[in-house]
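Each remark here refers to the structure printed beneath this line.
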Amino acid sequence: MGLEITHAAPDRVEGRLIVRPDLCTAGGVLHGGAAMALADSLGAVGAFLSTPAGMRTTTLESKTNFIGGASVGTTITAVSTPLHVGRRSSVWTTRIEGEGGRLVAVVTQTQMTMET
Numbered sequence: 763m764g765l766e767i768t769h770a771a772p773d774r775v776e777g778r779l780i781v782r783p784d785l786c787t788a789g790g791v792l793h794g795g796a797a798m799a800l801a802d803s804l805g806a807v808g809a810f811l812s813t814p815a816g817m818r819t820t821t822l823e824s825k826t827n828f829i830g831g832a833s834v835g836t837t838i839t840a841v842s843t844p845l846h847v848g849r850r851s852s853v854w855t856t857r858i859e860g861e862g863g864r865l866v867a868v869v870t871q872t873q874m875t876m877e878t
């Protein structure tokens, strides 16, 4: 996918991605599935970093609101932060922005915590 994670901590994960043609629709804009995969990756890293040793996580639910597009050749950035971190689940929100801070999508996902 080409995702570069630029910051990773239990309370915030950041990344960026150059929009390539293989990540786009026939019209040359970022495919929704690529945006969702980006958000899922960042949220999963945050959930894992927030999880006690000997535990792992998996995505239970993901909801995406698509606000705008991102064209081939542009760079999108994403920031994932927790809304809730509990013993058995965590909820993460990822904000994806295009160049100039233009909102592309907002993703909310629930991660389940379980024993390895």
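Quick note on my numbering: the sequence shown kicks off at 763 and runs consecutively. Cβ coordinates follow ideal geometry from the N, Cα and C atoms, glycine included.
By the CB criterion at 7 Å, G777 and L804 fall inside the cutoff. A Cβ-Cβ contact shorter than 7 Å links I858 with V866.
Within its own chain, the residues whose Cβ lies closer than 8 Å to the Cβ of M817, once the five positions on either side in sequence are excluded, are T875, M876, E877 and T878, listed in chain order. The bridge partners DSSP lists for F828 are A867.
In the DSSP annotation of this structure, A815 is not part of any beta strand (DSSP E), being labelled neither H nor E.
Secondary structure note for G862: it is in no alpha helix (DSSP H), with a DSSP letter that is neither H nor E. Within the same chain, Cβ atoms closer than 7 Å to the Cβ of A770 are found at V807 and L811, the five residues on either side in sequence being excluded. With fewer than 16 other beta carbons inside 10 angstroms of its own, I767 counts as exposed.
In the three-state DSSP reduction, M876 falls in the strand class (E or B).
Between the alpha carbons of S851 and V775 lies a gap of roughly 17 Å. Every beta strand (DSSP E) stretch that sits fully inside the region 772-854 and reaches 3 residues is listed by chain position as 774-780, 817-828 and 837-847.
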